[in-house]
Every structure is written in structure tokens, then in C-alpha cells.
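Asker: Note that my numbering has the sequence shown beginning at 169, numbered continuously upward.
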Amino acid sequence: MAAYHCCVPFCNNDSRYDKSLSFHSIPNNPNRKKEWLIKIKRDEGPLFKVKPHTKVCSAHFLSADFTRSLTGMRCLTKTATPSVFNWTKDTPSRKPPHNRTVEQTRSKKRKLEDGTPETDQDDFHSLQSADEIMTPTMEFHDYIQPEPMSEESKLAKAEEHIAFLENKLSQLSMERFGLERFSSDPKMIQFYTGFMSYNILIHVFHLLQPSAEKMTRWTQIQRQRSGQSNSINTDMTSRKESMPLIDQFFMFLVKLRLGLFQQDLGVRFGVSQSTVSRIIITWANFLYFQLGSLPIWPSRDQIDMHMPECFKAMYPKTRVVLDCTELKIQTPSAMSLNSEFYSFYKGTNTFKGLIGISPMGSVTFVSSLFAGSISDKEITKQSGIIPLLEAGDSVMADKGFLISDLVSTRGATLNIPPFLSKRDQFTKEEVEETQEIARVRIHVERAIRRIKEYHIFDAPLPIALAGSALQIWTVCCLLTLFRGPLF
Numbered sequence: 169m170a171a172y173h174c175c176v177p178f179c180n181n182d183s184r185y186d187k188s189l190s191f192h193s194i195p196n197n198p199n200r201k202k203e204w205l206i207k208i209k210r211d212e213g214p215l216f217k218v219k220p221h222t223k224v225c226s227a228h229f230l231s232a233d234f235t236r237s238l239t240g241m242r243c244l245t246k247t248a249t250p251s252v253f254n255w256t257k258d259t260p261s262r263k264p265p266h267n268r269t270v271e272q273t274r275s276k277k278r279k280l281e282d283g284t285p286e287t288d289q290d291d292f293h294s295l296q297s298a299d300e301i302m303t304p305t306m307e308f309h310d311y312i313q314p315e316p317m318s319e320e321s322k323l324a325k326a327e328e329h330i331a332f333l334e335n336k337l338s339q340l341s342m343e344r345f346g347l348e349r350f351s352s353d354p355k356m357i358q359f360y361t362g363f364m365s366y367n368i369l370i371h372v373f374h375l376l377q378p379s380a381e382k383m384t385r386w387t388q389i390q391r392q393r394s395g396q397s398n399s400i401n402t403d404m405t406s407r408k409e410s411m412p413l414i415d416q417f418f419m420f421l422v423k424l425r426l427g428l429f430q431q432d433l434g435v436r437f438g439v440s441q442s443t444v445s446r447i448i449i450t451w452a453n454f455l456y457f458q459l460g461s462l463p464i465w466p467s468r469d470q471i472d473m474h475m476p477e478c479f480k481a482m483y484p485k486t487r488v489v490l491d492c493t494e495l496k497i498q499t500p501s502a503m504s505l506n507s508e509f510y511s512f513y514k515g516t517n518t519f520k521g522l523i524g525i526s527p528m529g530s531v532t533f534v535s536s537l538f539a540g541s542i543s544d545k546e547i548t549k550q551s552g553i554i555p556l557l558e559a560g561d562s563v564m565a566d567k568g569f570l571i572s573d574l575v576s577t578r579g580a581t582l583n584i585p586p587f588l589s590k591r592d593q594f595t596k597e598e599v600e601e602t603q604e605i606a607r608v609r610i611h612v613e614r615a616i617r618r619i620k621e622y623h624i625f626d627a628p629l630p631i632a633l634a635g636s637a638l639q640i641w642t643v644c645c646l647l648t649l650f651r652g653p654l655f
């Protein structure tokens, strides 16, 4: 159990040393939060920030501020505010002086001069009241034993308490940044995750969950490499998760979709920046293997069955439409790497990847990432797509793909726009062919645009993520399959 320390000034109460105390979080509601901070004399600033572990102990509340649940748990009421502090406790008041008249003072003086003991009227009343206080009094109280509750009453009270707790839990779920907060808003689900609806996202998660519960965490790999553990397989019952799996999955999708900084994600999900980093790397590797095992390359029969009309008329044998895209990366410090990753087309350092889509518009091939200086022909040769082609297939690509000799080895043909060469202008037939190819090849550009809508690629990928760049690139490409057809 976590140890809590009271945040009230001059209060040293600690949950490790006093088990009779309970510790309560400062409310998230802005008005209630402000009221609590005023009461405990705290101001949020550089020296004090309200965090999930910031607590106020029960010593600063009145007994009327608490209620008891059916299980005996002590809970604060909704309107409770701390009100008992060292600076609010009553200090002993001084005894007021006697208000003697002039005659009483003179009489007291004469008695002292004559040697008569002083027993004025005020002292007599004081002694009398003291005797009354010291005289014991017996008071008899009639204690009435409450009648035991019936089973129906207990059940009704239990149902009322359960409804209260469910309502409170739903309010907390709506306040925290989590998937449930946006479950009823498809636009927000698409904005944060790229999935078209909450139901699709949850269905995908349920398919991944059995494997995710057994996946190897990045921390386990690090410990195994450092020799702290002989095996990366640990007892699942002893594993302590900092976040539920569904929240980890949601965090990873938000990172891909919005490209937020890790510190920002840590604040949103209430975890440390290092925890965010480990979760991102863990899920990138996990989804790379899980989604990468999907059979996305369709057969010739499947292609023919779903061939769009725009392809049937002019290019009915098209098996795949190819194009390359580039991802900006942070400039390497080594001059040799800087030269290797420099792309003259983009004018900066990049990773380069090859994408293949079917005529119907779904991603059917994702290559590894290569240095930005590689040519389109060489990346096609090294990507491994040529062995997937069959005799009679047709490949459609842009002008830079001079790969007719590569595809011909598999008995396939290549459709690319014609070149002008040394002529002044295209013929009418060449212009029409160029327009026809561009009209159907535009779908691969739309597929790449879907991938680039994962805004993690907006800024140059840092060198720290270079080891996970391939996994992130592949996962983003394959996640577009859950968004439905292009047309």
C-alpha cells in the first residue's frame, strides 16, 4: 500500500505510522479545490502542486464530515472541507479580573489591617460554585436498543449505496483522461485514436488482450540485458502494472495519432515520463508482431472479385499499385550517416518506405525503412515485393519506378506514365494514357495520406526513436486497414 503524508502545513501525520488515520485527495472540481486550498493555507505554484498523491489526513475534518458505508469504510461527504487545524484550536482564555467597587476595596483593606480573614461576597460565591462542581452527581440514562433491520431494509440500503458508488465512479471516469470519457463521441474517438468508432476500437483490443496480458515489457528486456534477471518470463500474478492495458493501448494510439510529447501524455494519464516511454516502446513492438502477422497480401481471385470499375475498363490485371513515401528524421551527428540519410527530393534527412495497395484501396504491402538516399528501383528490389508477384500480374507505379526488368522476371508487366524523352510534346494517345494512369493511381496517394494523418510523423523523428521507427511506421500503415475502404 502506498504511503501518504499530510500536505497541511505543520502537520506531520503519515500513513506509515498512524493506521487510524485516513487520507483524502483534494477534489478535482475547481471550486471545491480552491475552497480546500484556502482552508489548508496552500497556493499552487512552483513549490506546491496538487497531484494524485497529494492528501489531507482525517485529523483536519469534523466527525460530521464522515459517513460509513455498509462495509464499514469511512468516506467523506460531498460537502466536507477541512476545518480543524493548529491555528484554529481555541487557546486557554485568561481569567477576567474582579470588578470590585470602591467600597468593597476599602472594606477589604480594613479587614486586612484588623487581621480579619477575607471572605467577601464574591469569594463566597466562588467557593459555593466550586463545591457544586466537586459534588458528584448521578445521572441515569435510558438506552434504547435499536431494532434490528429486516432483510428487505438491508437490501434496499445496499442497493442505494451501490447506486451511489456507481454514480461516483461514472463521475470520476468522466473527469479523468481515458477512453471511457469519449466512448459516446465517435468524432473524438477518431480524433484521438484514428478508429472510426468506440466499438471497433474495443473489438480490436479484445482480440489483442489475451496476447497483451502475456507480452514482454520493455523493462523486462532491459533487466535481462543488464543481467538482473535470468529470464524475461516472469510470474504474471506477481507483475505490478502501473496502468490498465486498455489505458496503455489508448495512450499508444494517442501518441501515434496526435504526436504529443511524452511529458504531456504523462500529465494526461497521471504517470511519469519514463513510464510513458516504456509503454510506447512496449506497445510498438507488440503491435508490430501482432499486426505484422496478418495476411494482408490478397490472392489473384480476391483481387478480381473486388476489382473496382475504374480498373476493370483499362487495367483489369493490376495486382498492386506502388509508391514510396519519406519520413523526416533528426539530423545525425555523424557525417557518414548524414550523407546516407540525406534525401535530395525532400532536402533533409529521411527514412524511405515502399507502400503497395490493391486496386480496391487497402494496404497490401509495407516495406522496411531505408535510408533516404536510396532510389525507387533499389528499394523495390530490396523490399521483397517482387517474389509475391505471379505470371500475368500488372504493377502500376509512377515514373521513377524503372522496374520493368524486375517485374518481368516474374512474368508480370509494368504500367507507368510515358516519358517525353527528347521530344517536344506527348502524342494524344500518351496524354490520354498519362491521365488514365493518374486517375486510378491517385488512390495510393490517398492511402499514404491516411498514414500521414498519424501526426507522429509531422515533426522529424528523434534519434531516440530510431530503434522503434520501423515498428511505428508499420503499425501506422496497418492501422489504416481498420478505417474502411478508400472508396
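All C-beta atoms, glycine included, are put in the ideal place defined by N, C-alpha and C.
Among Lys545, Ile206, Cys175 and Phe253, whose alpha-carbon lies nearest the alpha-carbon of lysine 219?
Answerer: Cys175
Asker: For the beta strand (DSSP E) that contains asparagine 131, what are its first and last residues?
Answerer: A question about residue 131 goes unanswered here, because the residues of the chain that appear run from 169 up to 655.
Asker: Flag this pair as yes or no: are the beta carbons of alanine 326 and leucine 238 separated by less than 8 Å?
Answerer: Yes, these two residues count as a Cβ contact at 8 Å.
Asker: Give the single residue among Lys322, Ala634 and Ser461 whose Cα lies nearest to the Cα of leucine 537.
Answerer: Ala634
Asker: Where are the alpha helix (DSSP H) runs, 4 residues long or more, that stay fully inside the segment 614-653, in chain order?
Answerer: Runs found: 637-647.
Asker: Where in the segment 531-562 do unbroken runs of the beta strand (DSSP E), each at least 3 residues long, occur, reported from the N-terminal end onward?
Answerer: 531-534
Asker: If we count the other Cβ atoms within 10 Å of its Cβ and call it buried at 16 or more, is tryptophan 451 buried or exposed?
Answerer: Buried, by the Cβ-count rule.
Asker: Assuming contact is defined by CB atoms lying nearer than 8 Å, are glutamine 458 and glutamine 441 in contact in what I supplied?
Answerer: no
Asker: Could you spell out where the alpha helix (DSSP H) holding phenylalanine 437 opens and where it closes?
Answerer: 430-437
Asker: Is the segment 634-651 in contact with the segment 603-619, if contact means three or more CB pairs nearer than 8 Å?
Answerer: yes
Asker: Under the DSSP definition of a beta bridge, which residues are partnered with tyrosine 510?
Answerer: Asn517
Asker: Bridge partners for arginine 236 per DSSP, in chain order?
Answerer: Arginine 236 pairs with Arg242.
Asker: Do the segment 618-634 and the segment 416-434 meet, that is, are 3 or more Cβ pairs less than 8 Å apart?
Answerer: yes
Asker: Which residue marks the beginning of the alpha helix (DSSP H) containing valine 422, and which one marks its end?
Answerer: 413-426
Asker: Should valine 531 and isoleucine 542 be called a contact, given that it needs their Cβ atoms to be closer than 8 Å?
Answerer: no
Asker: Can you tell me which residues form a DSSP beta bridge with valine 224?
Answerer: His192
Asker: Does DSSP put methionine 503 in a helix, in a strand, or in coil?
Answerer: Note: methionine 503 maps to helix in three-state DSSP.
Asker: What is the C-beta distance between proline 250 and isoleucine 206, in whole angstroms, given that I count them as a contact (C-beta under 8 Å)?
Answerer: Not really, about 10 Å apart at Cβ, beyond 8 Å.
Asker: Is the number of C-beta pairs between the segment 359-376 and the segment 413-421 that are closer than 8 Å three or more?
Answerer: yes
Asker: Grab the span of the alpha helix (DSSP H) containing leucine 459 for me, first residue to last.
Answerer: 441-460
Asker: Does glutamine 377 pass the burial test, meaning 16 or more other C-beta atoms within 10 Å, or should it be called exposed?
Answerer: exposed
Asker: From the DSSP output, which residues share a beta bridge with cysteine 174?
Answerer: Lys223
Asker: Just how far apart, CA to CA, sit phenylalanine 178 and lysine 223?
Answerer: 14 Å
Asker: What three-state label does DSSP hand arginine 210 in the structure shown?
Answerer: coil
Asker: Should proline 630 and glutamine 498 be called a contact, given that it needs their Cβ atoms to be closer than 8 Å?
Answerer: yes
Asker: In the structure shown, what three-state DSSP assignment does cysteine 179 receive?
Answerer: It is coil, neither helix nor strand.
Asker: For proline 653, does the count of other Cβ atoms within 10 angstroms reach 16, so buried, or fall short, so exposed?
Answerer: exposed
Asker: Spatial neighbours of alanine 380 within its chain, please: C-beta separation below 7 Å, excluding the five flanking residues on both sides.
Answerer: Leu413 and Phe454
Asker: Out of curiosity, what's the CA-to-CA distance linking valine 439 and lysine 514?
Answerer: 37 Å
Asker: Quick one: what does DSSP say valine 218 is sitting in, helix, strand or coil?
Answerer: coil
Asker: Please work out which residues of its chain come closer than 6 Å, Cβ to Cβ, to proline 195, disregarding the five sequence neighbours upstream and downstream, and give them in chain order.
Answerer: Lys201
Asker: In the DSSP output, what is cysteine 492 paired with across the bridge?
Answerer: Leu522
Asker: Check whether the segment 560-576 and the segment 589-601 touch, using three or more Cβ-Cβ pairs below 8 Å as the test.
Answerer: no
Asker: So the beta strand (DSSP E) leucine 582 belongs to, where does it begin and stop?
Answerer: 581-583
Asker: Okay, do the segment 503-522 and the segment 466-480 touch, 3+ Cβ pairs below 8 Å being the bar?
Answerer: no
Asker: Along the chain, where does the alpha helix (DSSP H) containing isoleucine 357 start, and where does it finish?
Answerer: 354-361
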